[in-house]
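Heads up, the sequence shown is in the working numbering, so the first residue is 57 and it goes up one at a time. Structure first, then comments.
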Amino acid sequence: MRRPNQNSTQVDLELDGPVAHVVFSGPRGIQTLSAETRRALLSTLGQIDDNSDIRLVCFTGVGRTFFAGADVHEFLDLTPTAARELAREGQQLMTRIANLKPVTLAAINGACVGGGLELALACDLRIAKAGCKLGFPETRLGLLPCWGGTVRTTLFHGAGIAQSLILSGELISAEQAQQWGVVSECCPSEDNWQNFVASWQQRILQAGPAGVSAAQRVIRRTAATISAMELGFADEAAAFVECVKTGQVVEGVNAFLEKREANW
């Protein structure tokens, strides 16, 4: 259900038979994962958990972005304690998505940055419009992806890709993401986007539910053991807190907001 605050990113749950569409829409087509949006998304995930008829969950955005990332204003006044809680909360939200029983598909309709890419990486599958930009610019704010992005990129795609994607903070094209295996397929024509997404949904729904569920469970367990994931999350959160303690985050965020080079 749409929340009443029209100035923040809205989270809508739309049911179409066995498919649950989770649609994000923000002002001027720019979605941000603010605290309010994260709470709304958590509530939506609860509704999905309660509906055993859902076989596929498709996350997508409306307008220019899939997600432009977190609300960077939240980083300006972070204390070490608040930073630890922010990392823990975000990790738990993304893990909740990763543990959903239905197959999860991130249909990346536009820029997919920071927390938005962390959300996409928590999904089983990712498809994207050609030309979309993806990446983790957190290091340019003096931070690192702390909602599972550093851990999942490394575990699922290897240290080399994680370093290329995270250390520079540069964005890559959807086509490059496909070459690296981060995205399964790019839609070559924006005009065909809806049909492209629908075709991927049909591919999944045409397979036997029991087989899909069993395979999904084995793949998830094999891709990353629980112990490795939990250890990585603890390291990720601790590293985020250390970044906040340096005091560089305020300079990084202010430089971003003022559209200038950071004075490290």
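Note that CB positions come from ideal geometry on N, CA and C, so glycine has one too.
What does DSSP give as the partner residues of Leu227 in its beta bridges? Here the question's residue 227 lines up with position 171 in the sequence shown. DSSP, once it has assigned bridges, lists Gly191 as partnering Leu227.
Around the Cβ of Gln250, are there at least 16 other Cβ atoms within 10 angstroms (buried) or fewer (exposed)? Numbered from 1 along the sequence shown, position 194 holds the residue referred to as residue 250. So Gln250 counts as exposed.
Tell me the rounded alpha-carbon separation between Arg273 and Pro193. Start at 1 with the first residue of the sequence shown, and residue 273 comes out as number 217. Start at 1 with the first residue of the sequence shown, and residue 193 comes out as number 137. Per the coordinates, the alpha-carbon of Arg273 lies some 31 Å from the alpha-carbon of Pro193.
Anticipated Cβ contact below 8 Å, Asp127 with Ser90, distance rounded: In the sequence shown, the residue the question calls residue 127 occupies position 71. In the sequence shown, the residue the question calls residue 90 occupies position 34. With 8 Å as the limit, Asp127 and Ser90 qualify as a contact, their Cβ atoms being about 4 Å apart.
Using 8 Å as the threshold, is the C-beta distance between Leu175 and Leu161 below it? For the purposes of this step, residue 175 is taken as residue 119 along the sequence shown, with counting starting at 1. For the purposes of this step, residue 161 is taken as residue 105 along the sequence shown, with counting starting at 1. Contact flag unset, no.
Can you tell me the Cα-Cα spacing of Ser224 and Lys301, whole angstroms? As a working mapping, residue 224 is identified with position 168 in the sequence shown. As a working mapping, residue 301 is identified with position 245 in the sequence shown. A direct Cα-to-Cα measurement between Ser224 and Lys301 gives close to 21 Å.
Roughly how many angstroms lie between the CA atoms of Ile222 and Ala230, to the nearest whole one? Start at 1 with the first residue of the sequence shown, and residue 222 comes out as number 166. Start at 1 with the first residue of the sequence shown, and residue 230 comes out as number 174. About 16 Å.
Determine the closest residue to Phe123 out of Gly73, Val79, Asp109, with distance taken between C-alpha atoms. For this step, residue 123 is matched to residue 67 along the sequence shown. Taking only the C-alpha atoms, the option nearest Phe123 is Val79.
Under 8 Å, with one C-beta from each stretch per pair, do the segment 100-108 and the segment 252-265 reach the 3-pair mark? The way I'd put it, the segment 100-108 doesn't touch the segment 252-265; fewer than three beta-carbon pairs between them come closer than 8 Å.
I'd like to know whether the C-beta atoms of Gly85 and Thr121 end up nearer to each other than 8 Å. Walking along the sequence shown from the start, residue 85 turns up at place 29. Walking along the sequence shown from the start, residue 121 turns up at place 65. Yes, these two residues count as a Cβ contact at 8 Å.
Helix, strand or coil at Gly146 according to DSSP, with G and I counted as helix: As a working mapping, residue 146 is identified with position 90 in the sequence shown. Gly146 falls in the helix class under three-state DSSP.
Please look up how many angstroms separate the CB atoms of Gly308 and Arg140, rounded, as I've assumed it's under 8 Å. Here residue 308 refers to the residue found at position 252 of the sequence shown. Here residue 140 refers to the residue found at position 84 of the sequence shown. Contact between Gly308 and Arg140 is ruled out by a C-beta separation of about 19 Å, above the 8 Å threshold.
For Gly187 and Ala163, I'd like the C-alpha separation in whole angstroms. Taking the sequence shown and counting its residues from 1, the one referred to as residue 187 is at position 131. Taking the sequence shown and counting its residues from 1, the one referred to as residue 163 is at position 107. Distance from the CA atom of Gly187 to the CA atom of Ala163, rounded to whole angstroms, is 14 Å.
According to DSSP, what are the bridge partners of Asp68? Your numbering for residue 68 matches position 12 in the sequence shown. Beta-bridge pairing links Asp68 to Val79.
With contact counted as at least three CB pairs below 8 Å, one residue from each stretch, are the segment 243-257 and the segment 148-158 in contact? No contact exists between the segment 243-257 and the segment 148-158.
Which residues does DSSP pair with Leu161 in a beta bridge? Within the sequence shown, the letter at position 105 stands for residue 161. Under DSSP, Leu161 forms a beta bridge with Cys114, Leu181.
In this structure, does DSSP put Val307 in helix, strand or coil? Taking the sequence shown and counting its residues from 1, one reaches residue 307 at position 251. Per the sequence presented here, residue 307 reads as Glu, with Val not at that position. It is helical.
Val239: first and last residue of the uninterrupted alpha helix (DSSP H) it sits in: Position 183 of the sequence shown, counted from the start, is the residue given in the question as residue 239. Judged by DSSP secondary structure, Val239 falls outside any alpha helix (DSSP H); it is assigned neither H nor E.
How would you write the range of the alpha helix (DSSP H) that Val169 sits in, first residue to last? The residue you call residue 169 lines up with position 113 of the sequence shown. Per DSSP, Val169 belongs to no alpha helix (DSSP H); it is in the beta strand (DSSP E), 167-169.
Between Glu226 and Gly172, which are expected to be in contact by the criterion C-beta below 8 Å, what is the C-beta distance as a whole number of angstroms? On the sequence shown, position 170 is the one that residue 226 refers to. On the sequence shown, position 116 is the one that residue 172 refers to. About 16 Å; that fails the 8 Å criterion.
Within a Cβ cutoff of 6 Å, which residues of the same chain sit near Pro60, ignoring the five residues on either side of it in sequence? As a working note, residue 60 is residue 4 in the sequence shown. Below a pLDDT of 50, predicted positions are generally treated as unreliable, and Pro60, at 43, falls in that range; the measurement from the model is reported next regardless. Once the five neighbours on either side are set aside, Pro60 has no close Cβ partner at all.
How long is the line joining the alpha carbons of Ala178 and Ala295, rounded to whole angstroms? Within the sequence shown, residue 178 is the residue found at index 122, counting from 1. Within the sequence shown, residue 295 is the residue found at index 239, counting from 1. Annotation: Ala178 to Ala295 spans about 20 Å, alpha carbon to alpha carbon.
N- and C-terminal bounds of the beta strand (DSSP E) containing Phe122: Against the sequence shown, residue 122 aligns to sequence position 66. From DSSP, the beta strand (DSSP E) with Phe122 extends over 121-123.
Can you tell which of Gly82, Lys185, Phe115 has the C-alpha that lies nearest to the C-alpha of Cys242? As a first step, residue 242 is located in the sequence shown; it is residue number 186 there, counting from the start. For the residues Gly82, Lys185, Phe115, the minimum Cα distance to Cys242 belongs to Lys185.
One or two residues paired with Cys243 in a DSSP bridge: For the purposes of this step, residue 243 is identified with residue 187 of the sequence shown, where counting begins at 1. Secondary-structure assignment with DSSP links Cys243 through a beta bridge to Lys185.
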